[in-house]
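Data first, discussion second: the structure below is written as structure tokens.
Number of protein chains: 2
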Amino acid sequence: MLKKRNGSNNPIGIFDSGIGGLTVFKAVRERLPFENIVYFGDTARVPYGTKSKETIRKFAEEIARYLKTYKVKFIVVACNTVSSLAMDVVRNVSRVPVIGVIEPGVKEALKTAKKGIIVIGTTATVNSHAYRKEIKKNDKNIAIIEKPCPLFVPMVEEGWADKAIMMEVIREYLLPFNSLDYDSVILGCTHYPLIKRKIQEILPQKKIIDSAKTVADFLYFQLKKNGLLKTQLKGYSKFIVSDDPKKFKKLAYELLKLKVGDISVYNF
Amino acid sequence: MLKKRNGSNNPIGIFDSGIGGLTVFKAVRERLPFENIVYFGDTARVPYGTKSKETIRKFAEEIARYLKTYKVKFIVVACNTVSSLAMDVVRNVSRVPVIGVIEPGVKEALKTAKKGIIVIGTTATVNSHAYRKEIKKNDKNIAIIEKPCPLFVPMVEEGWADKAIMMEVIREYLLPFNSLDYDSVILGCTHYPLIKRKIQEILPQKKIIDSAKTVADFLYFQLKKNGLLKTQLKGYSKFIVSDDPKKFKKLAYELLKLKVGDISVYNF
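In order, the protein sequence lines correspond to chains A and B.
Here the working numbering is used: position 85 in the first sequence is 85, and no number is missing along the way.
Here the working numbering is used: position 267 in the second sequence is 1267, and no number is missing along the way.
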């Protein structure tokens, strides 16, 4: 019944508070070239990570409801804040399979992490301890530090990812961890891969883990398992944002070299 | 008729995207101790200044409609972005006298400015050129530079106003103006008075103009002129935000030494 309603030609819905989720979109697009994809960025209400659980759950519910109108067959929550706080809401509303970014990120980190994991993310993600819980499920003994970096998202959304001051803010948040004997850093926010190289410069000894590719792999296997894989004809990509699309378009190109074409606008 | 519906006991509505408008609230509270005041901070959707005109007008309309339910007798738009882009919307919806922060700021600046005025504000405020137009109305010859500083609001809302890195970001935006022969700087955003001292450190020779006190004076005369002044019994102050009030309460105290008491939450 589920399969019939959501055939393999139906699009995958991917969403985030802004452009960060495009790091996941890009990995999914590369891994699954035949899939149709609808991407939603809630640019009118970005950032999410500094806001309360209740507000984030409300926003997630509205977006899941909206994606339903596209008859999405699968939803990828390409936002760590929503993945931490509102997966149940997205599942209940959408009634399709939903994956977030936390489980894949943790899986990827645990492949190599030995001495300890530093999780960096928004305040809301860190306060939820979603990463800590997921890591502990798989490895009871590894040391974990969770560090909120709430200004990374507004700075990236502002187009400052390549500015010198971005480095200063990264240093302010992360330099104290450089001397720590932890070997891995999980980028617990889909905006952070856009400043990955700078983070690596501040923490040169540590392995930086970005979940985008693992999410794409995970999605591939889930689609296959559920008989939802689209296997021929290049898929379309549709982008929708809640604020003026000009900035989104510009940043998508500048930061990810993505040409997103026409962008629709939807206001809640 | 208007007077009857909006008696002097009815509250004044003051609103902003977040805590910045409290700088205006504070000046109004001091100037008009007998007035009842309802303050709304749209903390679920802050910041405004990086968003589009259409989105800002929509938010302003929703807030004006909401303030109407409090039967406000007067509205103070304590947000430069809304003052720049949506005063007509607030007036049309509210049907009460409305003042913004731009006219008072310009009036104050022109008292002393001789060589030139630098206006700093959000991207939306700067792109509207509302300050330039208002200055030109009064002084055709004075030189004007408008400079967007879009990260000041997220940083202040994050509680970084007193951090060293705040100084770095201010330096990044404003140091190039230090050597310029302009004598005045208008703080074209109600969040900026919260970092006024740091801005003054980077631009030690320039007069920094903050419109809060002028707005309060202007409001006093307008209320008096319209027969709306409340002249006895200490007024109440009611605070409403659209996201979790804890952070708002904390910052109101830390940054402004305001004890805001119980805060209500209203979601759009």
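For each residue, glycine too, the CB sits at the ideal point set by N, CA and C.
For K207/A, the enclosing beta strand (DSSP E) starts and ends at 207 to 209. In this structure, the straight-line span from the alpha carbon of D262/A to that of F1059/B is close to 25 Å. Following the DSSP letters along the chain, one finds E1146/B inside the beta strand (DSSP E) bounded by residues 1143 to 1148. Assigned with DSSP and collapsed to three states, S83/A falls in helix.
M1167/B has a beta carbon lying at 8 Å or more from every beta carbon in chain A.
In the structure shown, the three-state DSSP call for L1174/B is helix. Measuring C-alpha to C-alpha distances from K26/A to each of V215/A, I170/A, G105/A, N226/A identifies V215/A as the nearest. When Cβ-Cβ separations below 8 Å define contact, D1244/B makes contact with chain A. Sixteen is the threshold: since fewer than 16 other Cβ atoms of the shown chains lie within 10 Å of the Cβ of F34/A, the residue is exposed.
T122/A has a beta carbon lying at 8 Å or more from every beta carbon in chain B. The beta carbon of T55/A falls within 8 Å of a beta carbon belonging to chain B, placing the residue at that interface.
Neighbourhood of K58/A in chain B, by CB distance below 7 Å: N1267, in chain order. One finds T43, A44, D243, D244 in chain A with Cβ atoms closer than 8 Å to the Cβ of K1051/B, taken in chain order. Measuring C-alpha to C-alpha distances from L1251/B to each of I1144/B, E1158/B, N1127/B, S1264/B identifies E1158/B as the nearest. Between the beta-carbon of V96/A and that of V72/A there is about 6 Å, and that keeps the pair under the 8 Å contact cut.
By the neighbour-count definition (other C-beta atoms within 10 Å, threshold 16), P1204/B is an exposed residue. The beta carbons of R57/A and V89/A sit closer together than 8 Å. At a cut-off of 8 Å between beta-carbon atoms, L255/A makes no contact with chain B. Interface with chain A (8 Å Cβ-Cβ cutoff): L1151/B is included.
S1184/B sits away from K1198/B, with the two beta carbons spaced by 8 Å or more. The Cβ of P176/A sits no closer than 8 Å to any Cβ of chain B. By the C-beta density criterion, L1233/B is exposed, having fewer than 16 other C-beta atoms within 10 angstroms. Nearest neighbour of L194/A by Cα position, chosen from Y220/A, D181/A, W160/A, F221/A, turns out to be W160/A.
Taking all protein chains shown into account, E30/A has fewer than 16 neighbouring C-beta atoms within 10 Å of its C-beta and is therefore exposed. Under the 8 Å criterion on CB atoms, E1030/B is classed as non-interfacial with respect to chain A.
Contact check for V1156/B against G1020/B passes: the beta carbons are separated by less than 8 Å. Taken through DSSP and simplified to helix, strand or coil, V28/A comes out as helix.
Chain B has no Cβ within less than 8 Å of the Cβ of E62/A. Within the segment 1127 to 1154 of chain B, contact with chain A at the beta-carbon level (separation under 7 Å) is assigned to P1150, L1151, P1154. Under the 10 Å beta carbon count, N1010/B is surrounded by 16 or more other beta carbons and is classified as buried. Taking C-beta separations shorter than 7 Å and ignoring five residues to either side along the sequence, the partners of A86/A in its chain run I56, R57, A60, following chain order.
Per the coordinates, the alpha-carbon of Q1200/B lies some 43 Å from the alpha-carbon of I63/A. Taking one beta carbon from each stretch, the segment 1139 to 1155 of chain B and the segment 137 to 154 of chain A have 3 or more pairs nearer than 8 Å; the two touch. Close partners of E1172/B in chain A (Cβ separation under 7 Å): I165. Contacts with chain A at 8 Å (Cβ-Cβ) do not include E1035/B.
The beta-carbon of E1201/B is placed no less than 8 Å from the nearest beta-carbon of chain A.
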